[in-house]
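Numbering (mature numbering (1 follows the signal peptide of the UniProt record, and there is no 0)), first residue to last: -31 to -1, 1 to 407.
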Amino acid sequence: MENITFVRTLKRAVRSILFITLYCSAVPVSAYSNASFETKEYMSWTGASLVSVTPLKDVDGDGVSCDQEAKDGTDPNDPCDFILAHQDCTPSDKWKKDDCDGDGVTNGKEKADGTDPLDPCDFKLAHQNCTPSDKWKQEDCDGDGVSNGQEKEDGTDPLDPCDFILAHQNCTPSDKWKKEDCDGDGVSNGQENEDGTDPLEPCDFILAHQDCSPSDKWKKEDCDGDGVSTGQEKEDGTDPLDPCDFILAHQNCSPSDKWKKDDCDGDGVSNGQEKEDGTDPLDPCDFILAQQNCSPSDKWKKDDCDGDGVSNGQEKEDGTDPLDPCDFVLEHQDCSPSDKWKKDDCDGDGVSNGQEKEDGTDPLDPCDFVLEHQDCEPSDKWKKEDCDGDGVSNGQEKEDGTDPLDPCDFVLEHQDCEPSDKWKKEDCDGDGVSNGQE
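Okay, here's the thing in structure tokens:
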């Protein structure tokens, strides 16, 4: 036992010496040694008293006194076996330079950062200042299925479960990671792993497998480039991965260049051109013929936009208008005309197209019809014409009740146009004198 005898002078001075003695006794005597506990007694005479002080000992230098480690059940000789919250003295410089958890950040740096020097996954990546341990390299702190060591090589963040290279997954991802949705596409990472889609690519997923709410960022994107945001397509019930499945009126962003070059409806006019023309890129029969700038689809070629009974493809070959139900080659009718076409009257002769089809007359020839089968109002153009060439217009003959197809059935006083040369050569009354001569 060390005995220190103080000479009684001023009570104030003695108390100051006592304070200094107690303060110094808290400094560890040695670190990383097997020194035993010591008790030092100091005497001060402030009356008659004996003060006994036991200095704090920290053999392993981890900042936790041996006394405290004894209580905690940790090893006072192991600088990496301690309870962080029980650090009650200053760690040694050697301990500060060591890296207990092997995360590549020294204990001292972790103390300064406020991270846990015993937790290999609690550190600041930018503060790694020593080589991580092999054990740490094999672990997967963020649970993304890529080991810490591989992420170090890849330059990705081993603490960010959504920052990794998919092709480098070399261990089993955590259950937490599987439940998360890194790309925000509404399909969990685990489901995407099963599907073989990319959990980091918000536009690579199976729509039917969306099992969580997509992110706001994803909703604002336009995966298929059709000009309708993915969020809007979710509301509309259209496919955000199909550039030709959307509601035209809901286009709320600029379509992609690829979409503009595509032809959703197959009518031979690109989507971008239809946008400029104000036609519907989803309607194969709503387009401007002169703007066809790509090859129409086989489906479009088999369709019959104008319903005239001639397929679009045949009309393209014939040079007729696939949008004009009265511009076609009769002999090339290769499909059934539409009901609308049947009710129409292309030649304006007062006999519907359908009726002319039944009669075997030409629905494109205003003077080839069966008079008794007139079932609609003839056109003004037809009324002004003179089918039989007798000099009386068809309209006048309709009023007179004469036959506009019979050159010899007319009212002479009602001749209102020049008779045809053919009529002039004929002899309606059979008197041997031609009509023209008479």
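For each residue, glycine too, the CB sits at the ideal point set by N, CA and C.
Inset, instruction - Give the DSSP-derived three-state secondary structure of Q97 in the structure shown. - result: Correct three-state label for Q97: coil.
Legend entry - Limits of the unbroken alpha helix (DSSP H) element including Q365: The continuous alpha helix (DSSP H) containing Q365 extends over residues N363 to D369.
Inset, instruction - Figure out for me which residue from D318, G83 and D29 has the closest Cα to the Cα of P60. - result: Cα-wise, what sits closest to P60 is D29.
Legend entry - Of the residues E366, W351, D334 and E327, the one placed nearest H342, counting alpha carbons only: Closest by alpha carbon: E327.
Legend entry - Inter-residue spacing [alpha-carbon to alpha-carbon] between S389 and N322: Straight-line Cα distance between these residues: approximately 27 Å.
Inset, instruction - Give the single residue among E243, D236, G278 and I257 whose Cα lies nearest to the Cα of S266. - result: Ranked by Cα distance from S266, the options E243, D236, G278 and I257 are led by D236.
Inset, instruction - Measure the Cβ-Cβ separation of V115 and F92 and say whether it is below 7 Å. - result: Taking the C-beta atoms as reference points, F92 is found no nearer than 7 Å to V115.
Legend entry - Per-residue burial, D303 [other beta carbons within 10 Å of its own, 16 or more giving buried]: The residue in question, D303, is exposed, as its Cβ has fewer than 16 Cβ neighbours within 10 Å.
Inset, instruction - Flag this pair as yes or no: are the beta carbons of I134 and D150 separated by less than 7 Å? - result: No, they are not a contact pair.
Inset, instruction - Give the secondary structure of C35 by DSSP, where H, G and I count as helix, E and B as strand, and everything else as coil. - result: DSSP, reduced to helix, strand and coil, places C35 within a helical segment of the structure shown.
Inset, instruction - Measure the Cβ-Cβ separation of C233 and L251 and say whether it is below 7 Å. - result: Contact: yes.
Inset, instruction - State buried or exposed for T100, treating a residue as buried only when at least 16 other CB atoms are found within 10 Å of its CB. - result: So T100 counts as exposed.
Legend entry - Same chain, Cβ closer than 7 Å to C345, five either side skipped, listed in chain order: Closer than 7 Å at Cβ, skipping near neighbours: D314, G319 and S321.
Inset, instruction - Within the same chain, show all residues whose beta-carbon is closer than 8 Å to that of W269, passing over the 5 residues directly before and after it, in chain order. - result: Excluding residues within five positions, the ones whose Cβ falls inside 8 Å are D234, G235, D236, G237, P253, N281 and G282.
Legend entry - Inside the stretch 91 to 143 only - alpha helix (DSSP H) runs reaching at least 4 residues: List check, alpha helix (DSSP H) in window: 103 to 107 and 117 to 123.
Inset, instruction - Within 10 angstroms of the Cβ of D185, are there 16 or more other Cβ atoms? Answer buried if so, exposed if not. - result: By the C-beta density criterion, D185 is exposed, having fewer than 16 other C-beta atoms within 10 angstroms.
Legend entry - Best match in K189, T371 and N158 for proximity to F379 [C-alpha to C-alpha]: Nearest of K189, T371 and N158 to F379, Cα basis: T371.
Legend entry - Given K309 as reference, the closest of L299, H301 and D293 once Cα atoms are compared: Checked all of L299, H301 and D293; the closest Cα to K309 is D293.
Inset, instruction - Round the Cβ separation of P89 and G71 to the nearest angstrom and send it over; I've been treating them as touching at under 8 Å. - result: Yes, P89 and G71 are in contact; Cβ-Cβ is about 6 Å, under 8 Å.
Inset, instruction - Starting from T330, follow the alpha helix (DSSP H) in both directions and report where the run begins and ends. - result: Per DSSP, T330 is not a residue of any alpha helix (DSSP H), being assigned neither H nor E.
Inset, instruction - Could you have a look at E204 and say whether DSSP puts it in helix, strand or coil? - result: Note: E204 maps to helix in three-state DSSP.
Inset, instruction - Note down the Cα distance separating C49 from K121, rounded to an integer number of angstroms. - result: If I take the Cα positions, the gap works out to 24 Å.
Inset, instruction - Please state whether DSSP places L210 in a helix, a strand or coil. - result: Coil at L210, not helix or strand.
Inset, instruction - Give a yes or no on whether the C-beta atoms belonging to E366 and P373 are separated by under 7 Å. - result: Yes, the Cβ-Cβ distance between E366 and P373 is below 7 Å.
Inset, instruction - With DSSP as the reference, label L381 as helix, strand or coil. - result: Correct three-state label for L381: helix.
Inset, instruction - Give the single residue among K394, D109 and C69 whose Cα lies nearest to the Cα of F51. - result: The residue among K394, D109 and C69 with its C-alpha nearest the C-alpha of F51 is C69.
Inset, instruction - Use the C-beta contact count for D349: other C-beta atoms within 10 angstroms, 16 or more gives buried, fewer gives exposed. - result: Residue environment for D349: exposed (fewer than 16 other C-beta atoms within 10 angstroms of its C-beta).
Legend entry - Contacting residues, own chain, Cβ-Cβ under 6 Å from K147 (five flanking each side not counted): Result list for K147: N158 and G159, in chain order.
Legend entry - Q406 burial status per 10 Å Cβ neighbour count (16 or more: buried): Flag for Q406 reads exposed.
Legend entry - L169 - DSSP class collapsed to helix/strand/coil: It is coil, neither helix nor strand.
Inset, instruction - Give me the Cβ distance between H96 and K78, rounded to the nearest whole Å; I'm assuming they're in contact under 8 Å. - result: In this structure H96 is in contact with K78, their Cβ atoms being roughly 5 Å apart against a cut-off of 8 Å.
Inset, instruction - Rounded to whole angstroms, what's the CA-CA distance from D152 to S239? Just pull it up for me. - result: Rounded to the nearest angstrom, the two C-alpha atoms are 32 Å apart.
Inset, instruction - Would you give the residue range spanned by the alpha helix (DSSP H) that N240 belongs to? - result: Residue range N240 to D246 is occupied by the alpha helix (DSSP H) that includes N240.
Inset, instruction - Could you pull out every residue in the same chain whose Cβ sits closer than 6 Å to the Cβ of C336, ignoring the five residues on either side in sequence? - result: Within the same chain, C336 has close Cβ partners C356.
Inset, instruction - Please confirm whether V279 and F256 have their CB atoms less than 7 Å apart. - result: Cβ distance not < 7 Å, so V279 and F256 don't count as in contact.
Legend entry - Length of the line joining the Cα atoms of C35 and K63: Going from the Cα of C35 to the Cα of K63 covers about 17 Å.
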